[in-house]
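If you read the protein sequences in the order shown, they are chains E and G.
Start counting the first sequence at 100; every next residue gets the next number (the working numbering).
Start counting the second sequence at 64; every next residue gets the next number (the working numbering).
For every residue, glycine included, the Cβ atom is placed at its ideal position computed from N, Cα and C.
These notes concern the structure reproduced below.
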Amino acid sequence: DTAVSQTPKYLVTQMGNDKSIKCEQNLGHDTMYWYKQDSKKFLKIMFSYNNKELIINETVPNRFSPKSPDKAHLNLHINSLELGDSAVYFCASSQEWGSNQPQHFGDGTRLSIL
Amino acid sequence: KNQVEQSPQSLIILEGKNCTLQCNYTVSPFSNLRWYKQDTGRGPVSLTIMTFSENTKSNGRYTATLDADTKQSSLHITASQLSDSASYICVVSVRFGAGTRLTVKP
């Protein structure tokens, strides 16, 4: 009964391909997030959705497009993958936007670009 | 320069000992300060969340402090256990620090 689940856990693909990462939360939270953790271990927010509406888009290239079909899902589609996209991508959720409730993270998707 | 600086970068202690991790920030505006624990290969797990008016919060053997005037926070771990080995990440508003890698040895 994982709270925030991401698939796949590992993704190895070639430069130029298009790929998607899926995220689902079963906590009934209103807000979901995508983070990128680079090789230096910094976690940087990419997107945040509240009730399926985009709240944050942190200077992420247009090749990254989040899709929220419903409150429980926030998928990340990446077009024309580049070497610099290699990282671990984390999905998270929280009860509501701007609250002091904790964010719950998935276990990450390790994306490797060949 | 990152807006959330953590020190030390890494730390090795013996099981049963206490330790304190530091977080200095310049993030503005301030909404809250969070400490997370991240085990290798896993997502971060929330330890504490503090708002501007709070200066200490505990979660079991973890105690976080916040000095909003000096923009400093610390995470104190008491009676460390092997399972405390992880990265500890300070987050101010939406800005993440790089974390402190703690290793607890028997």
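- DSSP, read as helix, strand or coil, puts G:Leu138 in strand.
- Within the region 66-93 of chain G, complete beta strand (DSSP E) segments of at least 3 residues are found at 67-70, 73-77 and 82-88, given in chain order.
- Positions of the alpha helix (DSSP H) runs, each at least 4 residues long and wholly inside the region 92-121 of chain G, cannot be given because no such run exists.
- Assignment of G:Asp130 by DSSP, reduced to helix, strand and coil, places it in the strand class.
- Contact between G:Ala149 and E:Lys140 does not hold, since their C-beta atoms are separated by about 12 Å, which reaches or exceeds 8 Å.
- DSSP, read as helix, strand or coil, puts G:Ser146 in helix.
- For E:Leu182, the three-state secondary structure derived from DSSP is helix.
- The alpha carbon of G:Gly123 has as its nearest neighbour, out of G:Leu138, G:Asp130 and G:Lys134, the alpha carbon of G:Leu138.
- The DSSP-derived three-state label of E:Val187 is strand.
- Segment contact: the region 190-203 of chain E against the region 118-135 of chain E, three or more CB-CB distances shorter than 8 Å; contact assigned.
- For G:Thr128, same chain residues with a beta-carbon under 7 Å away, outside a window of 5 residues either side, are Asn118, Thr119, Ser136 and Ser137 in chain order.
- Within the same chain, Cβ atoms closer than 7 Å to the Cβ of G:Val90 are found at Gln66, Val67, Val155, Ser156 and Arg158, the five residues on either side in sequence being excluded.
- The region 150-165 of chain E and the region 74-84 of chain G do not touch, with fewer than 3 CB-CB distances between them shorter than 8 Å.
- The straight-line gap separating the alpha-carbon atoms of E:Phe189 and G:Asp147 is approximately 22 Å.
- Closest in alpha carbon position to E:Gln194, among E:Ile177, E:Ala171, E:Leu175 and E:Leu210, is E:Ala171.
- By the C-beta criterion, the region 132-148 of chain E is judged to be in contact with the region 175-190 of chain E, since at least 3 inter-stretch pairs fall below 8 Å.
- For E:Asn174, none of the residues of chain G pass the 9 Å Cβ criterion, the least Cβ distance being about 17 Å.
- Neighbours of G:Ile152 in chain E, taken as residues whose beta carbon is under 8 Å from its own, are Leu142 in chain order.
- Sequence-ordered contacts of the region 191-207 of chain E with chain G read Ala191, Gly197, Asn199, Gln200, Pro201, Gln202, His203, Phe204, Gly205, Asp206 and Gly207 [C-beta pairs closer than 8 Å].
- Under the 10 Å beta carbon count, E:Gln136 is surrounded by 16 or more other beta carbons and is classified as buried.
- Here G:Ser70 is exposed. Its C-beta has fewer than 16 other C-beta atoms within 10 Å.
- E:Thr112 places its beta carbon less than 8 Å from that of E:Leu180.
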